[in-house]
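Worksheet for the structure shown next.
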Amino acid sequence: MCEVTLPMTLSFAHRHVLEDHIVGFETRPNPHHLAVVRRPTILCVLAHAGFEGGVKAALHALEGVCVRICGPAEWLVVSHSVGPEALLRLVREIEGVSAFDHSDGRVLMRIAGPNVRSILAKCLAVDLHRDSFAPGASANILIAHVAGNLARIGEDAFEIIVPRSYAGTVFEEVKEMGREFALTAGFSED
Amino acid sequence: MASLITCPHCGVRPKEEFSIRGDAVPVRPAPNAGAEAWYAYVYVRDNPKGRIQEYWHHAAGCRRWLVVERDNVTHEVFSVRDAADVARSGSGEAA
Ligand SMILES: [Zn+2]
């Protein structure tokens, strides 16, 4: 007969098995990180026929904005410093332009890390080698089965803009594709 | 291969970004054309084998209408042009 006595002084913190699944595995950014920008300004801008060149030049001359290419005579103008109303006023001063505020209708995410191209290669079918999509390039691209806009903002950094109703799907999908590299996600500072 | 389409605006893209919207050869008749001309335009289609012209809409890209000339047997793509350019040049109307 032998009695086993457990050391009752030892206390375990109860942690539910799904704790990490609900709260998130990691809160601090890893080298591979997906940052969601809280309130960017995003305008949809179109040029009237015959004004394409002038509108393009005028958009690029604006300060504090990034210009994303959507297609011929169509752009997204993104800003982290100028508010939607102020930027809309500025853009509408350009001759031959139609501009609309899409800030509430689109979601902007930034993904960066040394293997970011490997992550993106799993959810979009466009060659992202710098020879065909160099830093500074942008285009409308199917991202995780959603029509979005992709911009390369650095050698290993991209920005994704998707319609807000699809943002949850794209976010989950990109996170899943980044698990291989322990991709973390969170709101960005700006 | 037809699974990769080179959009004149966006570059090489997977076919999933496009929706194929049918034969680009039929020319819309004048509003006062007879019922027969309209019937033919709306309903009558050949089922060609080989080199064909189709409307492709780059739905997940530049959202432009394109005219893709390709071979539906070998999947070889011969040309991809913006439909507006084709209409302006009038070369899309060779039936
Ligand atoms: Zn395109």
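In order, the protein sequences belong to chains A and B.
Following the numbering used here, the numbering of the first sequence begins with 7 at its first residue and continues without gaps.
Following the numbering used here, the numbering of the second sequence begins with 52 at its first residue and continues without gaps.
Every residue gets a Cβ at the ideal spot worked out from N, C-alpha and C, and that includes glycine.
Just so it is clear, the structure is predicted and the values come from calculations on it, not from any experiment.
Check, Outcome
"Residue from H38/A, S109/A, L156/A, F57/A with nearest C-alpha to T47/A", "S109/A"
"CB contact below 8 Å: R114/B versus chain A", "yes"
"Alpha carbon of M52/B to alpha carbon of H126/B, nearest angstrom", "Interpretation of M52/B is limited by its pLDDT of 40, a score under 50 that renders its predicted location unreliable; no figure is taken from the coordinates."
"Residue closest to C61/B, alpha-carbon to alpha-carbon, out of S138/A, V122/A, H39/A, L68/A", "S138/A"
"Three CB pairs or more closer than 8 Å across the segment 34 to 44 of chain A and the segment 115 to 123 of chain A", "yes"
"Local conformation of L156/A per DSSP, three classes", "strand"
"Cutoff 6 Å; reference A41/A; Cβ partners in own chain excluding five residues on either side", "R116, S194"
"Cβ contact (3+ pairs, closer than 8 Å) linking the segment 102 to 122 of chain B and the segment 146 to 157 of chain A", "yes"
"Cβ-Cβ distance between L94/A and L49/A below 8 Å", "yes"
"Interface positions of the segment 56 to 81 of chain A facing chain B (Cβ-Cβ less than 8 Å), listed along the chain", "C76, G77, P78, E80"
"Closer than 7 Å at the beta carbon, the chain B residues around V132/A", "R64"
"Whole-angstrom distance between F129/B and A145/B, CA atom to CA atom", "Unreliable placement is indicated for A145/B, whose pLDDT of 45 sits below 50; the coordinate value is still reported in the next sentence. Distance between the alpha carbons of A145/B and F129/B is about 16 Å."
"Closest residue to G77/A among G154/A, A64/A, V176/A (Cα-Cα distance)", "G154/A"
"Candidates G73/B, H108/B, V119/B, of which the one nearest N183/B by Cα", "Given that chain B is displayed from residue 52 to residue 146, the structure contains no residue 183/B and the question cannot be resolved."
"Limits of the alpha helix (DSSP H) - the one that E87/B falls within", "86 to 94"
"Cα-Cα separation between G143/B and V76/B, rounded to whole angstroms", "Note that G143/B scores a pLDDT of 47, beneath 50, so its modelled location is shaky; the value from the coordinates is reported in the next line. If you take the alpha carbons of G143/B and V76/B, they lie about 7 Å apart."
"Where V124/B falls, given that 16 or more other Cβ within 10 Å makes a residue buried", "exposed"
"Supposed close pair A105/A, R112/A - CB separation, criterion 8 Å", "The pair is not a contact, with the Cβ atoms about 14 Å apart (cut-off 8 Å)."
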